[in-house]
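Scroll down for the structure; my scribbles are underneath it.
Protein chains in written order, with the working numbering: chain G, 1 to 154; chain X, 155 to 878; chain F, 879 to 1489.
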């Protein structure tokens, strides 16, 4: 819990800064563990239900541990008209999960986002922070292979 | 003063008021749903839309602040259309099978019982039928059809928690429960979660209410406009057709309550435009109709108790009282009516009378006297669990928000939400107080860090300090003159009892070897010896053998009064006739007095030397643990609520001895392991409950007369091996 | 940490490599490294310097490298192009034609940036520093007359004068609603109370819009300068910049800019030696489009969920923590320094009567020159789409342009000569919005577009009021049915009814404008809806339930490529014999169309679907 104390201190233990505190927690643990939220609720004297309310309202937060690789596909308008839904369909088929879930082997988490602001590269897929533009149904398979092969070599 | 027009009528308003408030004050009706007086305005249901000249579109009246010269219209075709639109949308998510059915009147002939269907899909199967704000609005807005596709949330009804259940399929997301829980009660159990079409109301992680600090006060149930939140017990008892205003006698606050009645049966108890607690809300009616309630006099014949009439019972009683003249003790509960207590008092020449509990340190105070700039130090008393309506009053009635400091070795609910929590070693509370009020540096005798003490000292500067302390455990409290000490106890009628100037205490009575006959009125203490005759006057049987049982009426079945902690007399109004052959305590005492023979005279008992409170912190090899006790404030007459009502048992767990993981490890005990707790003057067998509220090397027991007169002291714990 | 300048004052050539998100994603940093390496290898490092700049706007063609002072524009530069480029142009002085912009096939390449249509017709005010400065270096901003307007405002103007200047300039909010900025400032200034706040709304959530991102990434100091001037005018002590969590680079750059400004005494206590103190905090969003709405944004800053609250009371009266708060969009703030330094008269000379100045648009979709453009108000849609945008790729026909994001509407071909300004766009049923401009061609289905936007709004709805939460749900359901071939009579009328009621009774702007995409597409493309409902036909060949993939027997040569690639084995046929698609199995993924060789083009989509 020392890490959490550091984050709380950075934001002055103020309830108004709770969103930034949650961002800090997620930055450290890669998701929001329930036990950490309970601890935070106690230290800030803030109802746990309010913290849970924030964690479920804002889509940037995840209450479930994320897979090793985070695949985000943009479904903004520009990407939509350039075929993003088909690309999403192909990824879902390939990984066997629907958007918003993690594969059973915890290797991939698939999420959608409504516009990354990289519209000129539409359709855009981001994997672990790397932007891949002009993706197509064909290209996407090769992309995932790159990350899948890493698994085999581990 | 602000002048504005509503429907061409000139009205005046104060700055900051909303259009809705002004309209309501002037008897101009605007339909509402998510609005509730006393809560912040939400503006979410869109039903209270009004048109304002110069505004692009209709605005919600509940959130609209008034300004000079405003011209508001509350009715129009457009408003009707939009109100209907929004209500129809709300109903597209709420099971509305009967709401708009044109066969409704025909269907009344085929009344199905709601107990037969597990799913509420229409008004007929909803416990709030007839008491639902959606029904009222549908009538008002004349809605005959819902053109939208219907979707059912398909959620399971939440039945795990006691007292009330939650059917979120009926929830219309008005947020009233969230607001009352957070803004008024301060419990913070409920909130919205998720977003958009997935929005739901509930607890964090959908944890049971038992695990998220819910006080089970029922405020959310009362405020819910639909049948989504409903009482479990009373939902089978039907809708009330009238109510009686009375007071709740389950603790020393004496909140005003309403007893709802249907065809001369109590349905439930509810607040009377105030806030009450789980005892007054869910403890009263189930007690009155409890299957174990005895409503006929019982007389022991051989080994059995047989039902007899009052004459037989009274004859037996008077015979025995004569027989044991000079050797009879009356032990009466303070939780009777003042009238009953006065009547008992008039028997002092005939019997040795003592009260249980009895408090000699009575200092009635009025909360009106509490000044602003107040700091409350709550010492060993959990105001959240035991006196929450009082806590709310203190918070709201004092102009500047008071500061709450909790001093408690236990991590109670109150400690969790206090502004500051000081945790002294058990038994070192006075040391801590000395440190807090001393000038300059003091040692570290109480176990609280110097930093924390310094911080709290700062909080006390230039403030009016009130120490609300647990009178049960602390007999003498030393405080500087400028600090007012207010004893907190759930004991009712402290003032009238003190006026009786009783010479003997309950401990004295129960330990006297010469007493042959015990007449217990509303008490059921642990008995230390065998008596020749035991007479019990109560609503439920005690845990020991007796000779005569006289059924008493509960406080809902009698007129009368009792005196609360402020020294005020609280009125009790009879809501129903006493069940069966039960009689009010006064009536029974009156019969005794009338039939009593003049030869019956009081006796004398030896006063036991008053031992000083044993020093809790002086553990020894023989007694290595510290037993912390607190008054059990969830009792009625001689019984704990938990021993009678399952919901209270789950909520309170007060029939266990509590200890934390560290102590459990030391003892090699688990949940429900039976242990003997043995001290200088206690010896009791209880199952274990592991709780992180308890400090290390300590155990906790809610003190109740059925366990004996136990007080905080050093103890030893023996794990009882189960016979295999 | 400030980047060290590698500039050499004696350089004869500067190479500006674009480091906006788009180009970075296309590995422009690799290009820069390679350029530096190659230039050093060729011994040219004393005479040629390489810099990175913010987004140039022409994201379609990234990575972009500009050679100054000649203004030679290179596009789609990859790492392997670098050795040739360095040798040919930098060493031998022969600009490389193959890396230049070509306006169309068989058209001559255009070497100079300012001759390219995309850039020629733009008028850069907010984006004035685009492509010419390093956004992580405050000295460069100052070098381009940065913070001079601030100095003027603090030392030579009173708050009332500043407000008057902004009022007279006619600046209107660039976030979407177009409220008069000067008036807003004045209302905030006049509100009672000493404590006041200002906020920069960078929660650009409209899908397809990335103007704010570019401004924050390319020229963060322009936003800071505008905010400090605004704070002085209003009397605010503290400001907040709220940026979406999806813009990590923007957050990084603005934080660096703030630190640098503080170091230079431009932010903090006693700014530029005056007694005016002002500080700014950066707050990151957490993934909620609704937080772009003023009251939801303020709730978010205060650590609450982003649920809007009805207005009135307005933020300028009662905002953050109950204090008067002025909220403006990124682009609005970035306009302020120029207004102060060059004057209201200058600013109001640009644009139309009701809409002054310029507007940045993100031109995306079915358009050749995708990117960010800044144009004067009053320019026509036609000029933007064809002159700047280079028209529709593949010679397809223009069908509609969507402005205003999910709150806006689709404007058809007949209105292409519409001059762009707040009023004209609203009159035709759309709105300016934040500046997203999505171009659609004959293969965009308008019913699908309406469904897409409504789906978006549904997901982003906060859920507080039934009008939006459930009104949009009902509309989505109807649109789902229609695009699934299950539409029936009465659907259109019902959609309109729900749309209008949602518009009038929703609590906030999100719900109030949610129905716009439906209502405008119904207004201009009603026939398309009717075809979907009554004929079960999708003329744009988009709605999967209404189309079939068929192989033209006259064109099929039996090459078997499609059959092999089909993921559901729906194509039957023997080699060299005509193939057929089994409609019962076909999942309509579209792979067959993309793999059928160009010379045959035998697979095509038809609608209504084949039974």
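Beta carbons: idealized from backbone N, C-alpha and C, even for Gly.
Rounded to the nearest whole angstrom, the CA to CA distance from residue 504(X) to residue 750(X) is 9 Å. In this structure, DSSP gives residue 351(X) a helical state, which the three-state scheme calls helix. Ranked by how close their Cα comes to the Cα of residue 207(X), the residues 201(X), 220(X), 196(X) have 220(X) in first place. If you look at residue 1252(F), you'll find it in the beta strand (DSSP E) that goes 1249-1254.
Spanning the alpha carbons of residue 295(X) and residue 238(X) requires a straight line of approximately 6 Å.
Excluding sequence positions up to five before and after residue 1306(F), its CB lies within less than 7 Å of the CB of 1289, 1293, 1296, all in the same chain and listed in chain order. With its beta carbon at least 8 Å from every one in chain F, residue 62(G) lies outside the interface. When CB distances to chain F are screened at a threshold of 8 Å, the residues of the stretch 344-367 of chain X falling below it are 346, 348, 349, 350, 351, 352, 353, in chain order.
Contact of residue 199(X) with chain F by beta-carbon distance below 8 Å involves 1343, 1344. Residue 509(X): member of the beta strand (DSSP E) spanning 506-510, first to last residue. Rounded to whole angstroms, the separation of the alpha carbons of residue 790(X) and residue 432(X) is 13 Å.
The bridge partners DSSP lists for residue 537(X) come to none. Judged by their CB atoms, residue 65(G) and residue 31(G) are nearer to each other than the 8 Å cut-off. In the displayed model, residue 1160(F) falls within a strand according to three-state DSSP.
Between residue 112(G) and residue 102(G), the CB-CB gap reaches or exceeds 8 Å. Membership of residue 1278(F) in the beta strand (DSSP E) is indicated by the continuous run 1276-1281. For a cut-off of 8 Å, the C-beta gap from residue 232(X) to residue 249(X) is around 29 Å, too long to register as a contact. When Cβ pairs closer than 8 Å are counted between the two stretches, the stretch 419-431 of chain X is seen not to touch the stretch 645-662 of chain X, the count staying below three.
Chain-order list of chain F residues neighbouring residue 15(G): 1181, by C-beta distance under 8 Å.
Counting only Cβ-Cβ distances below 8 Å, residue 1415(F) has no contacts in chain G at all, with the closest Cβ about 20 Å away. Along the stretch 1287-1317 of chain F, going in chain order, the ones with a CB nearer than 8 Å to a CB of chain G are 1314, 1316. Within the model, the alpha-carbon separation for residue 804(X) versus residue 67(G) is close to 39 Å. Listed in chain order, the beta strand (DSSP E) runs fully inside the stretch 423-498 of chain X are 452-455, 458-461, 482-487, counting runs of at least 3 residues. The three-state reading of DSSP puts residue 248(X) in coil, since its state is none of H, G, I, E or B. Scanning its chain for C-beta atoms nearer than 8 Å, with the 5 sequence neighbours on each side dropped, one finds around residue 363(X) the residues 315, 343, 357, 370, in chain order. Taking residue 990(F) as the centre and dropping the five residues before and after it, the same chain places the C-beta of 949 closer than 6 Å to its C-beta, in chain order. In this structure the stretch 1447-1456 of chain F does not touch the stretch 1306-1325 of chain F; the number of beta carbon pairs closer than 8 Å is below three. Residue state for residue 1144(F) is assigned as coil, using DSSP reduced to three classes. Per the coordinates, the alpha-carbon of residue 1014(F) lies some 6 Å from the alpha-carbon of residue 1131(F).
Residue 638(X) is bridged by DSSP to 620(X). Counting along the chain, residue 813(X) sits inside the beta strand (DSSP E) bounded by residues 811-813.
As a beta-bridge residue in DSSP terms, residue 219(X) pairs with 172(X). Under the rule that a run must span 4 or more residues, the alpha helix (DSSP H) segments found entirely inside the stretch 546-577 of chain X read 567-571.
Contact between residue 623(X) and residue 641(X) is confirmed by a C-beta separation of about 6 Å, below the 8 Å threshold. Under the Cβ distance rule, residue 160(X) does not count among the residues neighbouring chain F, no pair being separated by less than 8 Å.
DSSP assignment within the stretch 1108-1142 of chain F yields the following whole beta strand (DSSP E) runs of 3 residues or more, N-terminal first: 1116-1121.
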